[in-house]
Structure formats: structure tokens, C-alpha cells
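Line by line, the protein sequences are chains A and B.
Quick note on numbering: the first sequence equals residues 1 to 141 in my numbering.
Quick note on numbering: the second sequence equals residues 1001 to 1141 in my numbering.
Here the structure is laid out as C-alpha cells; the discussion comes afterwards.
Number of protein chains: 2
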Amino acid sequence: MKPQLSDNLCFALYTASNALTRAYRPLLERFDLTYGQYLVMQALWLEDKVSLTELSRQTRLDPGSLTPVVKRLEGKGMLTRTVSSEDERRKVIALTETGQALQQQAAVVKSELEQKTDIDPQVIDTLRRHCLTLADQLAKV
Amino acid sequence: MKPQLSDNLCFALYTASNALTRAYRPLLERFDLTYGQYLVMQALWLEDKVSLTELSRQTRLDPGSLTPVVKRLEGKGMLTRTVSSEDERRKVIALTETGQALQQQAAVVKSELEQKTDIDPQVIDTLRRHCLTLADQLAKV
DNA sequence: GCCAATTAGTTAGCGCGCAAATCAATAGCG
DNA sequence: CGCTATTGATTTGCGCGCTAACTAATTGGC
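Spelled out as C-alpha cells, the structure:
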């Protein structure tokens, strides 16, 4: 067996991540969401009325990436961005009723995708945890 | 423990992949390469003089994504793109001497990154293989 | 041999993810 | 108090990754 791209973890990870967002695309289309937007919505479903910096910490995404995503979600009526009264530098990002209601509707998406990949749940869990520790270690550099 | 974004495999994978390209950036900077360009170079180091379609198969990247990347690498003098004589639709992508020579110089990059993450090699290998099977399963949909 | 179908590659448009530069508001220190 | 340093958020510029639409070359069926 001669050496292959798939021998490298970085390739495997990159490929899996691309495959994931590709697989999510058709499922999220009916909600008019991209994967990045869906990620932000998930964060807000877990904790509403947060600042952009807090959202950045939770999603592990750059504020510069987040601003346009949040603006687009605002444009779709999913959330509001209001200047904080305590600290006028901050913007409080809060779900609208539409944004809250979407949580129930979008709940099927995850299970739809899981159905299409029949991987042992325990494998999924170790994969998940190993990805997180890797991400942490890479971030520490 | 209340539910978190990191409970989801998709989040873990997405985060790890972003962290990876972020970690590669400073290491590849001195070669004037992005991670995507480095990936294409790796593919060519393994098999030179291939068509764009073949490169697309090996890198698991869309031809539409690949064309501009390959053009940029051509602009940097790393490779040439010549129309195939047998089939004039095809373009043969071939490394230049500069492109070939880069392989030795860039060999350090991988080990540099490995040093910064002290994860059990066996864990890396299972992580790698699980990512590949996940990617395959997601692609089959 | 001809014409429709397929295949190879490109282009345009969109939405990222990030770094760097910028601006406004607040904190902190003398 | 006043001035600097820090913090929160935005903007700009770049390079992706993908879809869809397109062009050009080749294949295949009749």
C-alpha cells in the first residue's frame, strides 16, 4: 500500500468537516439556514441574550466571522441586536419568537443526519471527545 | 451539567477542523502556502501529472474549488497546467522543480505540529480512521 | 457521419473563517 | 479628574468550498 493523503489526520479531519457541512446543507435549506447560521442558533437556544464576545467564546468562532452571520440572522427575523444599556460597547443578541420557535422545527435535523450515518454511538462519543481535546491543544499554541 | 454545544459531534468536528487550519497557518506562512494549497501540493507529491478531476477525487474537493487554488499555485511557480494532447478537455497538472523541491523543506511542518499536540499516536490513528468512515458515510447520502 | 448526451474544466455568486486595522466606550491608574 | 490602556464590535481584504450555469471537447447511438 503506497502512502496516501488519508494517512494524515489533518486530511481526514478536513475531509470529514467538509463532508459534514455538505451533508447539512440540504437538510437546513428548508429553514433557510447555512451550517454556520445553524451553529449560532444552537448556541442561542442554549443561552439567549448574550453579547457577541460571549457568542464568540461559545462557538469558538472569530468575532469578525460572527458579525456578518448574526446580521444575516437578524435580517431573517431570527434575532435582534440591541445595544446594552450597562455597557454601550456591547450588543445583546436575543432570539425573536420566530427564532425560538425554530428550535422545535429544527430538532428533526440532527436525527435525520444520524439516520443516514449508522455509526456506533460509542464511537461517535469518543470521536467527539477526541476532536475536542485536539481542538483545545491546537488552540493553546 | 447543562447541555452544551460541545455535546454535538458536528460542533466538535467543525471546531477541530477550524483549529487545525488555524494552527497550520503560521507554519505554512514561510512557504507562502495556505492549508488548501498545501493539501493540493501533498496530493501532487504523492502523484504528479494528474488531471483536475483526478485531483478532485483525491482531495475530495470540488473542481470549482480546485481551479482557483491550482491557478494560484501556478502563479507561484509551483506547478504547470498544460492541455492534454490525448484529450484536449483535460489539463495535466505537473509540479515544477520548485514545487518538487518544496516537499523536503515542508517535511518539517507535520512534525512541528505534532510536537505541539501531545496525543497518543494510537488515539490519532483511531481518530483518523473514524473521520474517514464518517466522511464516507456522509458522502453516500 | 451526425447529433444528442456526457465529460472536463471554468466562472460567478454566496457565505463563510481569519487576520489586521479601525472606532467607540469603558476601566484603570496616577 | 484626566489620560492611557483595554475591551467590544465592525470593516476590509483574502482565500477558501460549494452550487449552478456555462463552454468546449469527446463519446455513443442511430
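Beta carbons: idealized from backbone N, C-alpha and C, even for Gly.
- Item | Reference Gly36/A, options Thr1015/B, Glu1029/B and Phe1031/B, closest by Cα | Thr1015/B
- Query: Is DSSP giving Thr15/A helix, strand or coil here?
  - Reply: helix
- Per DSSP, Thr82/A forms a beta bridge with which residues? Val92/A
- Step through the CB atoms of chain B and report whether any lies within less than 8 angstroms of the CB of Pro63/A. no
- Message: Any beta carbon from chain A within less than 8 angstroms of Ser1006/B's own beta carbon?
- Response: yes
- Query: Is the Cβ of Ala43/A closer than 8 angstroms to any Cβ of chain B?
  - Reply: yes
- Three-pair Cβ contact test at 8 angstroms for the region 66-78 of chain A versus the region 20-37 of chain A: yes
- Item | Below-8 angstroms beta-carbon distance, Val1123/B vs any chain A residue | yes
- Compare the C-beta of Pro1068/B against all C-beta atoms of chain A and say whether one is closer than 8 angstroms. no
- Query: How should Met1001/B be labelled, buried or exposed, when 16 other C-beta atoms within 10 angstroms of its C-beta is the threshold for buried?
  - Reply: exposed
- Message: Using 8 angstroms for Cβ pairs, my map puts Ile1093/B next to Leu1044/B. What's the rounded Cβ distance?
- Response: 7 angstroms
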